[in-house]
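K.L.:
Sharing a structure with you now.
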Amino acid sequence: MLNLNFNDAKINIIYEYENELPVIFFKLIFKNSGKIAEKHNRGCASMLARLLNEGSNDEFFKSLEYRAIELYSKASFEHFQINIKCLKEHFEFALEKLQELLLNVRFDEKILQRLKTLALGELVSLNTDYDYQAKRLLNKNVFKDEIFTSGLDGTKESIEKISLKELQNFMSENLVLDNVLFVFGGDIKEDEVKAKAEKICQILKRNIPNQNKNYKLIDESMEISEQKSTEQAYIYFCSPFNMQINDEKMYLAKLALFILGQGGFGSRLMEEVRVKRGLAYSAYAMLDINLNYSRVFGYLQTKNESSNEAKTLVKEVFENFVQNGVNEKEFQLAKQFLVGSMPLRYESLAKRLDIMLNEYLHGLKLGNLKEEMQKIKNTTLDELNDFIKTHSEITKVSFASIENES
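Per the working numbering, the sequence shown runs over residues 707 to 1112.
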């Protein structure tokens, strides 16, 4: 972690030097500036990312493609980021183009209308993506907050209302120095990193830094379904999980959920739903914990006539898991896989940078994942089962499904 003081702002830089290949990875992150920063129309952050991906002029991306430079923007639920990957010899040019882009965003009505048409077309195509629809149905019912009623792109109504002025305001309020985080990796020295970061900082305005927002799930079980013309049932489910991302026992949560449903074949859920009863090709339940909310989240697909049986079975698996915990075989296999797969997680620079970025954005110290794996290696079966028993809230499973019209 490097630190940079610029214009009275303290800027953090995640950095790793590696010169095996003459390649540089770069991310410009604006923290808490994604969907959660939208004030008016849903999809504004995503639309701004689309606009930035139009370049500063018609020749913008041609000059990048000629040099094999990847440059693109994207908005997530929490953050807004701009990514660059290129050969070291073209990195200076890539940053110059990034500066050009940030200073000359094409706030043009014709371009906006074209992007709206594309976004609306993608939204229409999702009407028949029942997997997506089931997930949306779950989120908008288990969360109390309006923000979960739509995906990143918003709704038909909100997309149509987005204006150039709203996009300009969103950029000036959120893509600012006080929200910025840099990620550098590859064949670039530390002094160069700080110099390049300063160049970007020079063109960014100041504003009040964005704060993280917290959202809570409803504290009860519920089931909701919608009828569509479909040959199978698409089922999504979740339950509350009362832990914070920085809890010292998070390693136990990761181990427990790996055994319950995140580990694929061999996991408790997969064994019961697929292997023993043949109700689905796959069934997963995983930790979905970040700074904004905490839950267990899962999904499966099954025959329409087996939908109720599958939901009942998921409940039973969760209840049995809390009551009886895990056995020695499950425990040892999970530990061996999680600890043994660690080298693969760190095998490439891109993966290591993503891990460090994830740790930083979650308010954890860099290297936290390695410490967690060491704790998992040293934990005992009794310790894990005692932990599982304290989290009976995961049995409050809520379901959302898209099923065939009756």
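For each residue, glycine too, the CB sits at the ideal point set by N, CA and C.
Values in this document were obtained by computation on a predicted structure and should not be read as measured data.
Pull up the distance between the alpha-carbon of residue 1026 and that of residue 753, whole angstroms please.
P.N.:
45 Å
K.L.:
Quick check on the burial criterion: 16 or more other C-beta atoms within 10 angstroms. Buried or exposed for residue 926?
P.N.:
exposed
K.L.:
Considering only the beta carbon of each residue, do residue 776 and residue 788 sit closer than 8 Å?
P.N.:
For residue 776 and residue 788, no; Cβs fall outside 8 Å.
K.L.:
Going along the chain, which residues of its own chain have a beta-carbon closer than 7 Å to the beta-carbon of residue 965, five neighbours each way excluded?
P.N.:
973, 974, 1032, 1036 and 1040
K.L.:
Specify, as a first and last residue, the run of the beta strand (DSSP E) that residue 1008 falls within.
P.N.:
1000–1009
K.L.:
Taking the CB atoms as reference points, tell me whether residue 939 and residue 949 lie closer together than 8 Å.
P.N.:
In this structure, residue 939 keeps its C-beta atom at 8 Å or more from the C-beta atom of residue 949.
K.L.:
Taking C-alpha atoms, which residue in 1045, 855, 906 and 716 lies nearest to residue 804?
P.N.:
906
K.L.:
Please report how far the alpha carbon of residue 896 lies from the alpha carbon of residue 904, in whole angstroms.
P.N.:
13 Å
K.L.:
What does residue 1115 pair with, by DSSP beta-bridge criteria?
P.N.:
Residue 1115 cannot be examined here, being either before or after the span of the chain that is shown, 707 to 1112.
K.L.:
Taking the straight line between their C-alpha atoms, what separation do you get for residue 1059 and residue 1015?
P.N.:
For residue 1059 and residue 1015, the distance between alpha carbons rounds to 43 Å.
K.L.:
Within the continuous alpha helix (DSSP H) that includes residue 827, where are the two ends?
P.N.:
815–831
K.L.:
I'd like the list of long-range same chain contacts for residue 759, defined as Cβ closer than 7 Å, with 5 residues on each side in sequence excluded.
P.N.:
778 and 779
K.L.:
Rounding to the nearest angstrom, what Cα-Cα distance links residue 885 and residue 784 in this structure?
P.N.:
12 Å
K.L.:
Is the distance from the Cβ of residue 856 to the Cβ of residue 869 below 8 Å?
P.N.:
no
K.L.:
Please report the straight-line C-alpha distance between residue 741 and residue 1034, rounded to a whole angstrom.
P.N.:
43 Å
K.L.:
Please give the ranges of any beta strand (DSSP E) in the region 862–904, keeping only runs that are unbroken, at least 3 residues long and fully inside the region.
P.N.:
886–892
K.L.:
In terms of DSSP beta bridges, what is residue 932 paired with?
P.N.:
1108
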